[in-house]
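Enquirer: One point on numbering: in my numbering, the residue at position 415 of the sequence shown is 1463, and numbering is uninterrupted. Built from N, CA and C at the ideal position, the CB exists for glycine as well.
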Amino acid sequence: MIRALAITEILRLILLNFAPLVLETGFDFENDDRSCMWPGELGKKTGGNKFYFAPSDRAALVNAARCNKSFSSVALDILWSVQWSIIPLLRTLPSFIWQNSADRYTLNRMIRIPDWKRFQLYRNRIRHLYMQIDDKIDDLALLQIAQLLKDRPLMPLLHTLSYSLSNIIFLFLSPHLRHLEIVGTTHGRISPLFLQTLSKKVPALVTFSCQEAGLVSRAAWAYLAKFRRLRSIHIANADNLEARELKTILDIKDKSNLSLLIPQGSSLQTSLYATVTVHAYALRTLILSAEPALIADVLSCLVETPIISLRLLYADAYDGHISYENEWRIRLSTISHWSKTLYHLELQDLCREVQLDAEFSENTSILDPFLKMGKLKSLLFRPNVTFSLTDDHLQKYASAWPDLEELSLDFWGRDEEPLATIATLDAFAELCPNLRSLFIRLHMIESTLPGIPRVRTHRLQNLYVDYPAHGHNLATVARYLDALFPLLDVVIGRDIDYPGDEEEDTNHERSFKWGDISAAVKLFQAARADYRMRGYHSL
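1. Take T1325 as the anchor and find which of G1541, K1303, L1342, D1299 has the nearest alpha-carbon.
2. Between the C-alpha atoms of R1276 and D1302, what's the straight-line distance to the nearest angstrom?
3. Ends of the beta strand (DSSP E) at I1281?
4. Return helix, strand or coil for D1125, following the three-state DSSP convention.
5. If you scan the region 1201-1264 from start to end, which runs of the beta strand (DSSP E) of 3 or more residues do you find wholly inside it?
6. Would you call the region 1181-1198 and the region 1220-1228 touching, i.e. three or more CB-CB distances under 8 Å?
7. What residue ranges within the region 1409-1472 form continuous alpha helix (DSSP H) runs of no fewer than 4 residues, ordered along the chain?
8. By a C-beta neighbour count over all protein chains shown, 10 Å radius and 16 as the cutoff for buried, is Y1579 buried or exposed?
9. How close, in whole Å, do the beta carbons of T1382 and L1347 come, if the pair is a contact with beta carbons under 8 Å?
10. Rounded to whole angstroms, how far is the Cβ of D1163 from the Cβ of S1133, which I believe are closer than 8 Å?
11. Have a look at S1083 and S1120 and give me their C-alpha separation to the nearest angstrom.
12. Does the Cβ of A1577 have 16 or more other Cβ atoms within 10 Å, making it buried, or fewer, making it exposed?
13. Could you please give me the residues that DSSP links to N1510 through a beta bridge?
14. When DSSP builds the beta bridges, which residues end up paired with I1493?
15. Tell me the DSSP secondary structure of D1080 in three-state form.
16. With 16 as the cutoff for other CB atoms within 10 Å, does Q1244 come out buried or exposed?
17. Less than 8 Å between the C-beta atoms of P1417 and S1371, yes or no?
18. Rank L1393, L1442, E1410, P1201 by C-alpha distance to the C-alpha of M1421 and give the top, closest one.
19. Just to confirm the assignment, what range does the beta strand (DSSP E) spanning T1154 have?
20. From what residue to what residue does the alpha helix (DSSP H) around Y1579 run?
21. Whose CA, out of S1456, P1450, H1491, N1432, lies closest to the CA of T1438?
22. Are the beta-carbon atoms of P1516 and I1488 separated by less than 8 Å?
23. Which class does H1385 belong to by DSSP, given the choice of helix, strand or coil?
24. Kindly confirm or deny that the region 1149-1167 and the region 1207-1218 touch, where touching means at least three C-beta pairs closer than 8 Å.
25. Which term fits K1117, buried or exposed, when burial requires 16 or more other beta carbons within 10 angstroms of its beta carbon?
26. Quick check: the Cα distance between E1293 and W1269, rounded to an integer number of angstroms?
27. What separation, rounded to the nearest whole angstrom, lies between the Cα atoms of F1572 and S1485?
28. Reducing DSSP to helix, strand and coil, say where Y1362 ends up.
29. Am I right that F1476 and L1483 are in contact with their C-beta atoms under 8 Å? What's the rounded C-beta distance?
30. How about R1377 and I1414: do their beta carbons lie closer than 8 Å?
31. Let me confirm a value: I1145 is counted as buried when at least 16 other C-beta atoms fall within 10 Å, else exposed. Which label applies?
32. Assuming D1183 is part of the beta strand (DSSP E), what are its boundary residues?
33. Given 8 Å as the limit, is there contact between the region 1170-1180 and the region 1145-1156, that is, 3 or more CB pairs closer than that?
34. Kindly indicate the opening and closing residues of the beta strand (DSSP E) around I1370.
35. Let me confirm a value: D1345 is counted as buried when at least 16 other C-beta atoms fall within 10 Å, else exposed. Which label applies?
36. In whole angstroms, give me the CA-to-CA distance for L1169 and L1137.
Structure (structure tokens):
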């Protein structure tokens, strides 16, 4: 038994019985602040994902750590891997206590050597820290700990850090750090001196993210290019970015991910180098939020870059000199440069408002560049104009994107009645076998549904229909959707067409509530599962 527990794979299989949650690895964690993660070698056994244990399983992990020495190290690594505060770590020191008179944690005596050795056992287990400045910790306590560290990091094996810009942040910087996110500041802006210190203490930094507006000083932009291994840059509000600094960022050769939010009204001018081609051959993901003219200039610099994921958020800078229809014609023509490389595409107009007189276009040839993007796996298209798409148009798109997994065609204007029908869903079910999420505008009328199709094996999970359903028998609609997509998890739709149309329109067939249709779909799924359990054929 003892030899068996010494094998990592056996430990992994045993601990899997605690029902872990599988989440994608990455910089953003959406799990509960009490959850915990697989450590080191165990995480590598999961095919690229990390296992995050549910908060309810913490007690089981604690008991496992106490009951057997073989479990102890692995269970403690899992429990301590992700932290949202340094208070649990500091509380392993007996002298770190809460003082009611000071209303904060402090040290009531000097830290003893045995206590410090025990403290080190826990600090070496922490891999990810997500927190902001905690004013409940006395500064003198942190100062004493810093003296004992002797210029060494508080958490030597820390991999990911999300923290505010302050003097305390230097306690967390270590050579093992790969991802750094600055979420606020109490100490001015990010200066060249800070980045110089960061490059020395964290030479292998891979991701740099800044979420605060104006946090990066103008003089500091150029120093980002000096991080030799920097691959991802995320700046949530680059309000003081100038043309020279922007070109410096674009010229970083090894970056693979770039995200810039440049607010409307920024003084940035790109005309000085708009015709210059930037050879950023490593860039694969670009997220850019700015005025349309600025986005066009940046894209013109990257025409030779093989981008595979493109997310463009156009700020509202419409001056009335060109129609929205022609504006999108120009935009899509520019984006067509990456038709052969794009896997993920998101195009949005910001500051959208639902208006009854919103621009409407029957000229669907504007969208023809989409047909050339045969490798698309996800498309989110939210323009400020409604394109009237028929079943034939949408069937062409479905046939052009055989690997499509997510599609959202969210037009902000409202035509009185969509031309697309249930036939569009049939087309996507047949031509896009990998589709998992679909947001589409079509007119689903119960009286025009064809015969009930055979139960397919399509794995669509989320369906949103951006128009009310009409008819007299919602069970017919639900049965058709269930047969078409037997694994539907979410069925959502818009129950009214225009603001103010809450009252029933006597000139049309009765509108179904999409919530009722979703409930009926669940009933059909339950009935089919019951039949299968009893050994009958599927419904």
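Expert: Well, looking at it:
1. D1299
2. One alpha carbon belongs to R1276, the other to D1302, and they sit about 8 Å apart.
3. 1280-1283
4. D1125: helix per DSSP, three-state reduction.
5. 1208-1213, 1227-1233, 1255-1258
6. no
7. 1439-1448
8. Flag for Y1579 reads exposed.
9. 5 Å
10. With 8 Å as the limit, D1163 and S1133 do not qualify as a contact, their Cβ atoms being about 20 Å apart.
11. Any reading at S1083 is ruled out, since the residue's pLDDT is 43, under 50, leaving its predicted position unreliable.
12. Exposed: under 16 other Cβ atoms inside 10 Å.
13. S1485, V1538
14. Paired residues: H1518.
15. With a pLDDT of 38 at D1080, under the threshold of 50, the predicted position of this residue should be treated as unreliable, and no value is reported.
16. exposed
17. In this structure, P1417 lies away from S1371, with their beta-carbon atoms at least 8 Å apart.
18. Of the listed residues, the one whose Cα sits closest to M1421 is L1393.
19. 1152-1155
20. First-last of the alpha helix (DSSP H) with Y1579: 1562-1581.
21. Checked all of S1456, P1450, H1491, N1432; the closest Cα to T1438 is H1491.
22. no
23. helix
24. no
25. So K1117 counts as exposed.
26. 6 Å
27. 20 Å
28. strand
29. Yes, they are in contact, since the Cβ atoms of F1476 and L1483 sit about 6 Å apart, within 8 Å.
30. yes
31. When all chains shown are included, I1145 counts as exposed.
32. No beta strand (DSSP E) contains D1183, which DSSP labels as neither H nor E.
33. no
34. Run containing I1370: none; DSSP gives neither H nor E here.
35. buried
36. Distance between the alpha carbons of L1169 and L1137 is about 10 Å.
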